[in-house]
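Undergrad: So the sequence shown is residues 11 to 288, counted in my numbering.
Where a beta carbon is used, it is the ideal one built from N, C-alpha and C, also for glycine.
Since the structure is predicted, the reported quantities are computational estimates derived from the model, not experimental observations.
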Amino acid sequence: MAEIANATTLPLAGFTPEHFSLSVSGKVATVTLNRPEKKNPLTFASYRELTDFFLAAQKEEAVKAIVVTGAGGNFSSGGDVFEIIGPLVAMETKDLLKFTRMTGELVKAMRACPQQIVAAIDGVCAGAGAIIAMASDLRLGTAGAKIAFLFNRVGLAGCDMGACAMLPRIIGQGRAAELLYTGRVLKGEEAERWGFLNRLCASEAVLAEAQTLATELADGPTFANAMTKRMLEMEWAMSVESAIEAEAVAQALCMQTEDFSRAYHAFANKQKPVFEGN
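(1) Identify, in the order they occur along the chain, each residue of the same chain with its Cβ nearer than 6 Å to the Cβ of V134, setting aside the five sequence neighbours on each side.
(2) Return the CA-CA distance between E47 and M248, expressed in angstroms with no decimal places.
(3) Following the continuous alpha helix (DSSP H) through Q261, name the residue where it begins and the one where it ends.
(4) Determine whether the beta carbon atoms of L43 and G89 lie at a separation below 8 Å.
(5) As a quick exercise: from P124, M265, E257 and T192, pick the residue whose alpha carbon is nearest that of A167.
(6) According to DSSP, is S56 part of a helix, a strand, or is it coil?
(7) What are the complete beta strand (DSSP E) segments, minimum 3 residues, inside the region 74 to 99?
(8) Is there contact between the region 114 to 124 and the region 57 to 70, where contact requires at least three CB pairs shorter than 8 Å?
(9) At which residues does the beta strand (DSSP E) containing R149 begin and terminate?
(10) Can at least three beta-carbon pairs, one atom from the region 147 to 164 and one from the region 192 to 212, be found at a separation below 8 Å?
(11) Assign S33 to one of two classes, buried (16 or more other C-beta atoms within 10 Å of its C-beta) or exposed (fewer than that).
(12) Report the option in V164, T152, M241 and N235 whose CA atom is closest to the CA atom of R203.
(13) Rounded C-beta distance between F161 and D229? I'm assuming under 8 Å.
(14) According to DSSP, simplified to helix, strand and coil, what is C38?
(15) Could you give the distance in angstroms between the alpha-carbon of Q261 and the alpha-carbon of D105?
(16) I'd like to confirm the pairing. Which residues does DSSP put opposite K282 in its beta bridges?
(17) What is the DSSP secondary structure of K197, reduced to helix, strand or coil?
(18) Would you kindly report the start and end of the unbroken beta strand (DSSP E) that includes V164?
(19) Do the region 211 to 223 and the region 136 to 143 meet, that is, are 3 or more Cβ pairs less than 8 Å apart?
(20) Whole angstroms are fine: how far does the CA of L177 sit from the CA of G184?
(21) Does the beta-carbon of T26 have 16 or more other beta-carbons within 10 angstroms, so that it is buried, or is it exposed?
(22) Would I76 be called buried (16 or more neighbouring beta carbons within 10 Å of its own) or exposed?
(23) Rounded to a whole number of angstroms, what is the C-alpha to C-alpha distance between S31 and K37?
(24) Just confirm the distance between the C-beta atoms of A220 and A130, as a whole number of angstroms; I'd bet it's less than 8 Å.
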């Protein structure tokens, strides 16, 4: 596999990616997987550029929340059959491992960036597309969403890009096992009942509702929200006792922020607090 590097420059508002679309409005960045004629599949290059984008977002001060969506009525069909899967069949183990580690880096970067990521899901959301949705913090979808972890359909294990670790946390072990063993489609209404989707929206409104939610998060106490995201990630590997101690330290740090003071003074004056993320 050829080495691919797509540098992401800051500020994100001034960055023009090659392999997806990006817009920044206020404190919210919207990433759009943008190959609608093929239901927005991923390529080697788009994997790399998306990873670099989320790595850069970790150092971005102006963007406080991120929306991920797809163009043309679909989220993403996953890895491109001809541009990714075909070449993989011909690779040796060393290069295959390089590829699978690269795809996992995307999920690591999404989970490590302090911004909350809101996925707006309509239509096909399959394979690596379902993984990107899974790796987001919140997921808004439509009744027409079709979510599928298709790896076993192409002769692969369901343990891809963290699915066996993360999906059971979202929907439970038994339900995750069903999806990963069968590769069946989880439609929007069922996905909402199972807890994979936080809410259902109309197709024409799902992106706008995701951006509204992202704006609400971006206008909140973003230092504290970033701490919540970090602790949600860390505490799965902790005992309850260790988690309680870690949260005590985290909360004490948040109590030193100006946002904590702003909230108190706003409450005392019967006003709505205006948070600044510090």
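TA: This is what the structure holds:
(1) Numbered from its first residue, the sequence shown carries residue 134 at position 124. Excluding residues within five positions, the ones whose Cβ falls inside 6 Å are K49, N84, S87 and K156.
(2) The residue labelled residue 47 in the question sits at position 37 within the sequence shown. The residue labelled residue 248 in the question sits at position 238 within the sequence shown. Cα to Cα, E47 sits roughly 45 Å from M248.
(3) For the purposes of this step, residue 261 is taken as residue 251 along the sequence shown, with counting starting at 1. V250 to C264 is the extent of the alpha helix (DSSP H) around Q261.
(4) Mapped onto the sequence shown, residue 43 falls at position 33. Mapped onto the sequence shown, residue 89 falls at position 79. No; because the gap between Cβ atoms is not below 8 Å, this pair is not in contact.
(5) Position 157 of the sequence shown holds residue 167. Per the Cα distances, T192.
(6) Position 46 of the sequence shown, counted from the first residue, corresponds to residue 56. Three-state DSSP puts S56 in a helix.
(7) 75 to 80
(8) yes
(9) Mapped onto the sequence shown, residue 149 falls at position 139. R149 -> beta strand (DSSP E) spans L148 to G151.
(10) Yes, they touch.
(11) If you number the sequence shown from 1, residue 33 lands on position 23. Classification for S33: exposed.
(12) Stepping through the sequence shown from its first residue, residue 203 is reached at position 193. When only C-alpha atoms are compared, the closest one is T152.
(13) Taking the sequence shown and counting its residues from 1, the one referred to as residue 161 is at position 151. Taking the sequence shown and counting its residues from 1, the one referred to as residue 229 is at position 219. No, F161 and D229 are not in contact; Cβ-Cβ is about 38 Å, not under 8 Å.
(14) The count along the sequence shown starts at 1 and reaches residue 38 at position 28. The question names Cys, but residue 38 is Val in the sequence shown. If DSSP states are grouped into helix, strand and coil, V38 belongs with the strands.
(15) Stepping through the sequence shown from its first residue, residue 261 is reached at position 251. Stepping through the sequence shown from its first residue, residue 105 is reached at position 95. Cα-Cα distance, rounded: 43 Å.
(16) By 1-based counting over the sequence shown, the position of residue 282 is 272. K282 pairs with nothing; no bridge assigned.
(17) Translated into the one-based positions of the sequence shown, residue 197 becomes position 187. K197 falls in the strand class under three-state DSSP.
(18) Translated into the one-based positions of the sequence shown, residue 164 becomes position 154. Here V164 belongs to no beta strand (DSSP E), and DSSP marks it neither H nor E.
(19) no
(20) Residue 184 sits at position 174 when you count from the first residue of the sequence shown. Residue 177 sits at position 167 when you count from the first residue of the sequence shown. About 10 Å.
(21) Reading the sequence shown from its first residue, position 16 is the one you call residue 26. When all chains shown are included, T26 counts as exposed.
(22) Along the sequence shown, one-based indexing puts residue 76 at 66. Buried.
(23) Within the sequence shown, the letter at position 21 stands for residue 31. Within the sequence shown, the letter at position 27 stands for residue 37. So the two alpha carbons sit approximately 17 Å from each other.
(24) Residue 220 sits at position 210 when you count from the first residue of the sequence shown. Residue 130 sits at position 120 when you count from the first residue of the sequence shown. Indeed they touch by this definition, with Cβ atoms about 4 Å apart.
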